[in-house]
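Working notes, structure below.
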Amino acid sequence: RKRCQTLEHLLQNLKTNNFMLIGDFNFGDFDLKENDLLDKSQEEVHDLWKQIYNIDENPGYTFDPSRNICAQIMSDSQINRRFDRYLLHKLNNVYYSIEHLQLVGTETIPIDESNEKQINLSDHYALQLIIDFQTRIINHRSALVILPSTNHWPMIKSFCDGDGPSFVQWPPHFNLLWPFYYLNHSLDDQLDILLPLRILLSQISSFQIQVDDFDTFMENHVSFLKPNEKSTQLMKELFER
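Counted from 1, the sequence shown has number 169 at position 169 by UniProt numbering; the numbering is strictly sequential.
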């Protein structure tokens, strides 16, 4: 019960931060109450061993009485468990890649040279992790936008220099989020940013945007599309989602 309360307290009070929980959790993969708490937060809290390995093929037992003499001495049940973990809670401003994660300290050392008796270094094996963190960059050259269909472009070009280089770099669009994240086409970007956006947008009914007027910013050679009040409200609702 105390383990569940401690874990729940940490997950609730640190949920707005990037953090790692590292060490001996004193529960394994078959302790249901504790793992139910982690499962509820699995979108934000990543169990790094389970990200790298198939638990059925490589269970990652750090407490292993079947092979570890010290664990045999300490254990009443003689059940193998994955007590030690790296749990990572991350927000969208950070992404990571795991370069190395494995059990270490599995070897034995001699305790009596006369009879070649060996013992493990500890009743727990250790976990060695090498991880690369990078901060997501907010880029003023990146935006989440709505693009008018190309059949409307000739009409838009009539109000601006449609053959200029800026038209290719910044085609006609309606800004939803600007600036936006710099995307490097990594799997992390796909899972943490693009996939949630696709899921969100798939739940929204299609709507039309009606432009009533244009405006210009002559110094930067920019023309502004000005949606009517109803269209503006629809885009605000989309932005709030």
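Ideal placement from N, C-alpha and C gives every residue a C-beta, glycine not left out.
Looking at the strands, I want to know which residues DSSP matches up with residue i.
{"i": "I146", "result": "F174"}
{"i": "S97", "result": "D132"}
{"i": "A71", "result": "None, per the DSSP bridge assignment."}
{"i": "Y53", "result": "Y53 is not bridged to any residue."}
{"i": "S114", "result": "According to DSSP, which records beta bridges pairwise, S114 is partnered with nothing at all."}
{"i": "D24", "result": "D84"}
{"i": "H89", "result": "F19 and V45"}
{"i": "F224", "result": "D215"}
{"i": "I138", "result": "Y181"}
{"i": "Q102", "result": "Q128"}
Give me the residue from the options with the minimum Cα distance to residue i.
{"i": "L48", "options": "L234, L129 and R198", "result": "L129"}
{"i": "M235", "options": "Q210, P65, V222 and I79", "result": "Q210"}
{"i": "C70", "options": "F214, E237, Y125 and D132", "result": "Y125"}
{"i": "L176", "options": "S231, D192 and R136", "result": "S231"}
{"i": "R241", "options": "I73, L225, R198 and P227", "result": "R198"}
{"i": "Y86", "options": "F207, Q12, I156 and I52", "result": "I52"}
{"i": "K90", "options": "L32, T135 and E44", "result": "E44"}
{"i": "T6", "options": "L21, Q190 and D213", "result": "L21"}
{"i": "F224", "options": "I156, K40 and T150", "result": "I156"}
{"i": "D213", "options": "F133, N151 and P227", "result": "P227"}
{"i": "F174", "options": "P196, P59, S149 and Q134", "result": "S149"}
{"i": "T16", "options": "V94, D31 and N54", "result": "V94"}
If I measure Cβ to Cβ from residue i and keep anything under 6 Å in the same chain, skipping five residues before and after, which residues do I get?
{"i": "N68", "result": "N120"}
{"i": "M74", "result": "D123"}
For residue i, which residues from the same chain have a beta carbon less than 7 Å from its beta carbon, with the 5 sequence-adjacent residues on both sides left out?
{"i": "T106", "result": "Y125"}
{"i": "R3", "result": "N26, F27 and E34"}
Can you name, in chain order, every residue of its own chain whose Cβ lies under 8 Å from the Cβ of residue i, other than the five neighbours on each side?
{"i": "N35", "result": "F27 and D29"}
{"i": "Q102", "result": "L127 and Q128"}
{"i": "I204", "result": "L238 and R241"}
{"i": "L194", "result": "L183"}
{"i": "Y181", "result": "N92, R136, I137, I138, N139, S142, D189 and I193"}
{"i": "L200", "result": "R241"}
Three-pair Cβ contact test at 8 Å for the region 136 to 154 versus the region 103 to 118: no
At least three beta-carbon pairs within less than 8 Å, the region 79 to 92 to the region 54 to 70: yes
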